[in-house]
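One structure below.
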Amino acid sequence: MKSYQGKGVYGAIAIGKISLFKKPETAVKRVRVDDTDGEKSRFEQAKAESLSQLQEIYDKALKEVGEANAAIFEIHQMMLDDEDYNDSINNIIETQSVNAEYAVAVTADNFAEMFSSMDDAYMKARAADVRDISNRIIGNLTGEISNGNFSDEKVIICASDLAPSETVSLDKDRVLAFVTAHGSSNSHTAILARNMNIPAIIGAGDDFLNDIKDGCKAIVDGFTGEIFVEPDDVICKKYLEKQQADEEKKRLLQELKGKENITLDGRKINIYANIGSVGDIGKVLANDAGGIGLFRSEFLYLENSDFPTEEQQFTAYKKVLESMAGKKVIIRTLDIGADKRCDYFNLKKEENPALGYRAIRICLTRPDIFRTQLRALYRASVYGSLGIMFPMITSVSEVEKILGICNAVKAELKAEGIEYSEKTELGIMIETPAAAVISDKLAPMVDFFSVGTNDLTQYTLACDRQNPDIEQFVDVHHEAVLRLIEISAENAHKHGAWIGICGELGADTELTERFLRMGIDELSVSPSFVLKIRDAVRNIDLSK
Ligand code: PEP
Ligand code: MG
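Note that the numbering used here has the sequence shown beginning at 1, numbered continuously upward.
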């Protein structure tokens with residue numbers, strides 16, 4: 001048995017087998033071959049496998065996310081059969097006497113370059129698709145197909161690190177736990193693990209990764225950050241007991257379902273849930289959240305290989321609103337950039353992406369993208385109680401521009417005879433120190449504030465949330481951050497706005513009382529933390 005120490009980012013125990021997450025091969029080697037016909041049939045075989053995998057993905061997507069969202073996998077199948085694409089691969093194999101992997105990689109590069117150089121935005125975006133299908137063929141040729149293509153058994157996914165887009169593409173029904181050798185606890189991958197309710201550890205180190213093999217037995221303790229590989233019987237017994245005790249505790253919390261979020265002295269608060277996709281609604285309802293306080297809509301973009309259309313977005317937002325049956329649903333406009341990268345946005349590489357071209361900055365400079373999302377949101381607004389929230393605000397003029405665009409979108413819909421709800425609330429995230437400091441100016445402009453403590457902490461303490469090496473300098477209870485929240489709460493209330501917290505700090509029960517004393521009206525947390533926070537609130541007495 002060997003043990004390793006990382007940092008737990010979601011407290012729960014998993015016992016099972018390890019599956020190493022394989023990234024798609026990026027550097028394909030050029031190998032000379034004599035049997036070019038043999039190589040061509042290897043390609044044909046890999047293509048057939050890819051086609052049938054894409055058909056399976058299409059069928060799954062059709063059931064889970066609907067026809068509009070599934071359509072891309074049909075397009076991928078068509079691209080695989082494209083005559084020019086196939087001719088290019090076969091010609092390269094034939095004329096250069098090279099391996100199929102190399103011919104596919106070169107063709108992918110050539111086609112992607114050709115698409116990228118086109119003026120039409122739709123054709124430009126096809127570059128990412130051609131790379132995607134080519135990676136799949138190469139994966140099938142080398143036997144290294146990635147994205148959670150593991151056996152039916154639930155497994156512990158181990159990786160060097162996982163990008164948010166890789167995490168969302170995993171088959172969640174087959175993941176027992178995550179362990180990454182690197183990564184930081186405030187990264188979106190960690191947040192996703194929390195949303196998925198699965199034990200997760202980051203920063204387990206390179207030794208861990210070098211020592212493990214596919215199929216090893218392991219225990220993951222998401223509370224303490226410990227991992228045991230090939231555990232002995234004593235450890236197995238201890239952890240089975242710990243797992244049962246944890247499950248019992250979670251079962252007891254279930255008894256709080258249907259109860260109010262009320263302190264001992266009668267102060268009520270809203271406890272909402274954070275989600276990343278329509279598929280998370282089941283967990284929101286199962287944990288009895290009073291609403292959705294943050295729908296990170298950018299995951300709709302990350303899951304897609306091209307800009308989601310107005311129709312695709314409308315369908316997703318409508319579904320969330322309808323499923324919540326009149327309860328508040330706050331959808332944040334896209335927060336792409338920094339660690340959330342999407343190929344088809346063609347974002348430039350930046351020195352400091354967290355301080356760069358992201359979120360509202362993209363929306364205000366690429367109004368076509370912003371307006372499409374706002375149209376979809378306003379169209380969906382008639383199906384429930386919608387709040388639209390804007391991320392990364394730093395100034396009054398940004399909010400003025402946003403409100404101007406919202407009014408223009410509403411006028412456009414009206415002129416087209418399309419209904420929207422006038423009751424739609426508009427809010428901004430307080431996640432930069434600038435926004436907190438000028439919250440007296442911002443509050444009169446909006447209906448609500450929602451504090452993004454993840455970014456507010458990174459910008460206030462000047463500590464990159466993606467950098468695991470500086471975690472020791474991140475005091476998550478730093479007085480500066482708490483004071484900025486307090487100032488924002490005072491200013492919100494002075495101007496008739498309500499204020500919530502949707503960053504990870506909202507789930508920190510050590511701060512629940514302080515937040516209530518500040519007058520915070522709503523806490524929005526991962527669905528699995530809703531009942532824990534309800535329990536904390538019900539044990540607080542603010543009269544003392
Ligand atoms: C935050 O910054 O606290 C937040 C909720 O947004 P995200 O974590 O998606 O950046
Ligand atoms: Mg943020």
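Don't be surprised by glycine CBs; every beta carbon is placed ideally from N, CA and C. This structure is a prediction, so every number in the text was calculated from the model and none was measured.
Worksheet item: Would you report the Cα separation of P353 and E94, rounded to the nearest angstrom?
Response: Position 353 of the sequence shown, counting from 1, holds the residue named residue 353. Position 94 of the sequence shown, counting from 1, holds the residue named residue 94. If I take the Cα positions, the gap works out to 44 Å.
Discussion item. Cutting at 7 Å between CB atoms, please list the residues of its own chain near D246, excluding the five before and the five after it.
Written reply: Position 246 of the sequence shown, counted from the start, is the residue given in the question as residue 246. Only A12, I13 meet the Cβ criterion.
Practice prompt. Examine the ligand MG and report whether any of its heavy atoms sits within less than 7 Å of the Cβ of E398.
Written response: By one-based count along the sequence shown, residue 398 stands at place 398. No.
Discussion item. Using 8 Å as the threshold, is the C-beta distance between I137 and V98 below it?
Written reply: Translated into the one-based positions of the sequence shown, residue 137 becomes position 137. Translated into the one-based positions of the sequence shown, residue 98 becomes position 98. No; because the gap between Cβ atoms is not below 8 Å, this pair is not in contact.
Worksheet item: Which residue or residues does DSSP assign as beta-bridge partners of T180?
Response: Reading the sequence shown from its first residue, position 180 is the one you call residue 180. T180 pairs with A159.
Worksheet item: For V396 versus L442, is the C-beta distance shorter than 8 Å?
Response: Taking the sequence shown and counting its residues from 1, the one referred to as residue 396 is at position 396. Taking the sequence shown and counting its residues from 1, the one referred to as residue 442 is at position 442. Their beta carbons are under 8 Å apart, which means V396 touches L442 by this criterion.
Item to complete: Report back the beta-carbon spacing between L302 and C342 to the nearest angstrom; my notes put them in contact at under 8 Å.
Response: As a position in the sequence shown, residue 302 is number 302, starting the count at 1. As a position in the sequence shown, residue 342 is number 342, starting the count at 1. Yes, L302 and C342 are in contact; Cβ-Cβ is about 6 Å, under 8 Å.
Worksheet entry | contact_flag[the region 153-160, the region 246-264] where n(CB pairs < 8 Å) is 3 or more | no
Worksheet entry | Separation of W498 from T180, as counted between CA atoms | For this step, residue 180 is matched to residue 180 along the sequence shown. For this step, residue 498 is matched to residue 498 along the sequence shown. Near 38 Å, if we compare the C-alpha coordinates of W498 and T180.
Worksheet entry | Per-residue DSSP class, three states only, for N28 | Walking along the sequence shown from the start, residue 28 turns up at place 28. The identity of residue 28 in the sequence shown is Val, whereas the question assumes Asn. Of the three classes helix, strand and coil, the one that applies to V28 here is coil, per DSSP.
Item to complete: Taking R194 as part of the alpha helix (DSSP H), name the residues at either end of that continuous run.
Response: Counting from one through the sequence shown, the residue named residue 194 turns up at place 194. Start and end: 188-195.
Discussion item. Beta-carbon within less than 8 Å of D541's beta-carbon, same chain only, minus the 5 sequence neighbours each way: which residues are those?
Written reply: Position 541 of the sequence shown holds residue 541. Hits under 8 Å: T263, L264, D265.
Worksheet entry | Residues passing the C-beta test against the ligand MG heavy atoms, cut-off 5 Å | E431, G452, D455
Discussion item. Taking the alpha carbon of L545 as the reference point, which residue from D129, K60, M392, A48 has its own alpha carbon closest?
Written reply: Nothing about residue 545 can be reported from this structure: the residues present for the chain run from 1 to 544 only.
Fill in: Residues bridged to D221 (per DSSP)
One-based indexing of the sequence shown puts residue 221 at position 221. Answer is I13, E226.
Discussion item. Mapping the DSSP letters down to three states, classify Q96 as helix, strand or coil.
Written reply: Start at 1 with the first residue of the sequence shown, and residue 96 comes out as number 96. Of the three classes helix, strand and coil, the one that applies to Q96 here is helix, per DSSP.
Worksheet item: Can you list, in chain order, the residues of its chain whose CB lies under 6 Å from that of R126, leaving out five sequence neighbours each side?
Response: If you number the sequence shown from 1, residue 126 lands on position 126. Excluding sequence neighbours, R126 sits near F115.
Discussion item. Rounded to whole angstroms, what is the Cα-Cα separation between G205 and Q5?
Written reply: For the purposes of this step, residue 205 is taken as residue 205 along the sequence shown, with counting starting at 1. For the purposes of this step, residue 5 is taken as residue 5 along the sequence shown, with counting starting at 1. Their backbone Cα atoms lie some 8 Å apart in a straight line.
Discussion item. Buried or exposed for K532, going by 16 or more other Cβ atoms inside 10 Å?
Written reply: Position 532 of the sequence shown, counted from the start, is the residue given in the question as residue 532. Under this definition K532 is a buried residue.
Discussion item. Taking its Cβ as the centre, do 16 or more other Cβ atoms sit within 10 Å of T167, making it buried, or is it exposed?
Written reply: Numbered from its first residue, the sequence shown carries residue 167 at position 167. Flag for T167 reads buried.
Worksheet item: Between the region 298-315 and the region 421-429, do three or more beta carbon pairs fall short of 8 Å?
Response: no
Item to complete: Taking 8 Å as the threshold, find out whether the region 434-448 comes into contact with the region 301-319 through three or more Cβ pairs.
Response: no
Worksheet item: Short check: CB of S421 to CB of S450, under 8 Å?
Response: In the sequence shown, the residue the question calls residue 421 occupies position 421. In the sequence shown, the residue the question calls residue 450 occupies position 450. It is not a contact, given that the beta carbons lie outside the stated cut-off.
Worksheet item: What residue from L192, A200, A71, L334 has the CA that sits closest to I275's CA?
Response: The residue given as residue 275 occupies position 275 in the sequence shown. Of the listed residues, the one whose Cα sits closest to I275 is L192.
Worksheet entry | For I430, three-class secondary structure by DSSP | The count along the sequence shown starts at 1 and reaches residue 430 at position 430. Three-state result, I430: strand.
Worksheet item: Based on the DSSP secondary-structure assignment, which residues constitute the bridge partners of S50?
Response: Working through the sequence shown from its first residue, we reach residue 50 at position 50. Partner(s): none; S50 has no beta bridge.
Worksheet item: Heavy atom of the ligand PEP less than 7 Å from the Cβ of D335, yes or no?
Response: Taking the sequence shown and counting its residues from 1, the one referred to as residue 335 is at position 335. At least one heavy atom of the ligand PEP is nearer than 7 Å to the Cβ of D335, so yes.
Discussion item. Please determine whether the Cβ atom of L294 lies at a distance below 7 Å from any heavy atom of the ligand PEP.
Written reply: Within the sequence shown, residue 294 is the residue found at index 294, counting from 1. Under cutoff, so the answer is yes.
Worksheet item: Within 10 angstroms of its Cβ, does A480 collect 16 or more other Cβ (buried), or is it exposed?
Response: Within the sequence shown, residue 480 is the residue found at index 480, counting from 1. Per the 10 Å Cβ criterion, exposed.
Worksheet item: Among all the DSSP beta bridges, which residues are the ones paired with Y239?
Response: Translated into the one-based positions of the sequence shown, residue 239 becomes position 239. Paired residues: none, contrary to the question.
Worksheet item: Can you tell me whether T365 is buried or exposed, with buried defined as 16 or more other CB within 10 angstroms of its CB?
Response: By one-based count along the sequence shown, residue 365 stands at place 365. Exposed, since its Cβ has fewer than 16 Cβ neighbours within 10 Å.
Discussion item. Taking 7 Å as the cut-off, is the beta-carbon of I157 closer than that to any non-hydrogen atom of the ligand PEP?
Written reply: Along the sequence shown, read from residue 1 onward, the residue named residue 157 stands at position 157. No.
Fill in: Inter-stretch contact at 8 Å, needing at least 3 Cβ pairs: the region 206-224 / the region 26-43
no
Discussion item. Counting C-beta neighbours from all protein chains within 10 Å, is the total for E431 16 or more, i.e. buried, or is it exposed?
Written reply: Here residue 431 is taken as the residue at index 431 of the sequence shown, counted from 1. By the neighbour-count rule (16 or more Cβ atoms within 10 Å), E431 is buried.
Practice prompt. Compute the Euclidean distance between the alpha carbons of A434 and P231, then round it to the nearest angstrom.
Written response: As a position in the sequence shown, residue 434 is number 434, starting the count at 1. As a position in the sequence shown, residue 231 is number 231, starting the count at 1. Roughly 50 Å between the two C-alpha positions.
Discussion item. Given this structure, state the Cα-to-Cα distance separating K545 from M1, to the nearest angstrom.
Written reply: There is no way to answer for residue 545, as the model of the chain reaches only from 1 to 544.
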